[in-house]
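According to the numbering used here, the sequence shown holds residues -11 to 139 in order.
Where a beta carbon is used, it is the ideal one built from N, C-alpha and C, also for glycine.
Worksheet: the structure to be examined is printed underneath.
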Amino acid sequence: MNKLNNKILFVIILVLVLALAGLILRQKFLSSSFSSERYSAVYLTSGDLYFGKLSHFSKYTLSDVWLLQRNPQDEKNPLSINSFERVFWEPEGKIKINPDNVLWVAKLKKDSQIVQFILGQKNRVGQESSVPAPDIVTSPTPEAFLPTPLD
């Protein structure tokens, strides 16, 4: 009976070790496609466009989050980019996103105007809570990237 218990215990430990190794490898390979040190754009089914450092395990997680907001009343600056931490309810700056709500995700180049804009705003002293988006954002609009419905 003692040998049987040892075999069962060995099999249980082996299964747990393999499951843990599988989870670690899954996380490594999934997050390697979107390095958490690089900025990504995430476009949601709600029409919201977020920028941030993306990682994912069971859900997408954005940190250092910035969001693109429309300002229809402001003809001079119809779009602005806001730090998520500076919205009026003052969240901590991380968002967990349900993958079912994501239309597309794109890595941003380190020298892209959006990334340079965000880094510049982070380095500014006395940062404004809302700043006009760089010119590149105003054209094309995020809707331009959506597929056209077939009639």
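Three or more pairs of CB atoms, one per stretch, sit closer than 8 Å, so the stretch 79 to 86 contacts the stretch 34 to 51.
With a cutoff of 9 Å on beta-carbon distance, Asp52 and Tyr31 are scored as not near each other.
With contacts defined by Cβ atoms closer than 9 Å, Asn70 and Leu55 form a contacting pair. DSSP places Asp52 within a strand segment (E or B) once states are collapsed to three. The beta carbon of Ser34 sits closer than 8 Å to the beta carbons of Asn89 from its chain, once the five residues preceding and following it are set aside; these are given in chain order. Residue nearest to Leu91 within the set Leu(-3), Asn(-10), Arg74 and Ala29 is Ala29 (criterion: CA-CA distance). C-alpha of Val5 to C-alpha of Asn(-10): approximately 22 Å in a straight line.
Gly40 is not a Cβ neighbour of Phe76, given a cutoff of 9 Å. 9 Å or more divides the Cβ of Leu13 from the Cβ of Val93.
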